[in-house]
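Numbering (the UniProt record's numbering), first residue to last: 1 to 318.
See structure below.
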């Protein structure tokens, strides 16, 4: 039945047949049938009622939602379940997933927090990871690649993967990756994506300057409403870079709550730019970290005065 627009309503009709105790169907192929989480749940329910015959189920090219993969994967633990082959991924992604699973010791498709920081994945590992990340059966909320040597090509491949499956990722941590301005420009195409739901970005010590800040600020100025936390500490942003970030803070649709800019070579001019932005849009930012910078004669006062303003929500100023 593959490549038919069955949708969840069609799967519910199929559910009735699968639940019938007289049904001895062994193989069901439903790839690219526009099935979502509700349909996966219907299939899982049917197989719980009548688990003893089906040995192969193909659901490639569908969207399982948050729980669809787990619903069906859990069935394999049922001693009465005869399901031997459960396909979620096409061959290239499936092979990549098996390789990554061996490295992780866990099922990548079931992980919501994917931390690859200590694995030191080589080039082929990241390329393989991207093949899985672009499939809707892979739904991590958090992706951490701290201190990984990501090349420009890997940035491009990862970004393309996340752009094709952007709506689940809410936290991206690339700290210490030497992303540089070129990598930030590539990732900014993801930040512009209207389906992007990123809330937390941790980009400390990634060797970006004003150019990278401009790309990031421009992207989020066009899609500002989800970002809650931004950490750019340890980058040589200087005043010009902070001025770019200030354009985002001043955006009335920006709801950023936490901004960390420690050790960013910011001086008095940068402090003034931040203060000006927060005067125009004072109602969201609650934490600002500027440790390790040089405020000059008036920088501290410029920002401290904001704390007295009734609309200012800033609670923590470091």
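We put the CB at the ideal spot given by N, CA and C, even for glycine.
Item	Value
C-alpha distance - residue 294 paired with residue 264, whole-angstrom precision	10 Å
Residue nearest to residue 228 in terms of C-alpha spacing, selected from 317, 254, 145 and 30	254
Residue 136 and residue 32 closer than 8 Å at C-beta	no
Separation of residue 213 from residue 242, as counted between CA atoms	8 Å
Beta strand (DSSP E) runs wholly inside the segment 125–178, at least 3 long, in chain order	142–144 and 171–173
First through last residue of the alpha helix (DSSP H) which encompasses residue 245	238–250
Residue 229, DSSP secondary structure in three states	strand
CA-to-CA distance, residue 261 to residue 219, given in whole angstroms	19 Å
Residue 205 classed as buried or exposed, judged by whether at least 16 other C-beta atoms fall within 10 angstroms	buried
Buried or exposed (CB count within 10 angstroms, at least 16 for buried), residue 231	buried
Any C-beta of chain C under 8 Å from that of residue 291	No chain C is present in this structure, which holds just one protein chain.
Within 8 Å, strictly: CB atoms of residue 239 and residue 269	yes
DSSP three-state assignment for residue 181, whether helix, strand or coil	helix
Euclidean distance between Cα positions of residue 251 and residue 155	28 Å
Same chain only: Cβ atoms within 6 Å of residue 42, ignoring 5 sequence neighbours per side	11, 12 and 15
Under 8 Å between C-beta atoms of residue 257 and residue 278	no
Terminal residues of the alpha helix (DSSP H) in which residue 318 lies	From DSSP, residue 318 is part of no alpha helix (DSSP H); its letter is neither H nor E.
Three-state secondary structure (DSSP) of residue 208	coil
Selection from 222, 233, 125 and 104 that minimises the alpha carbon distance to residue 247	222
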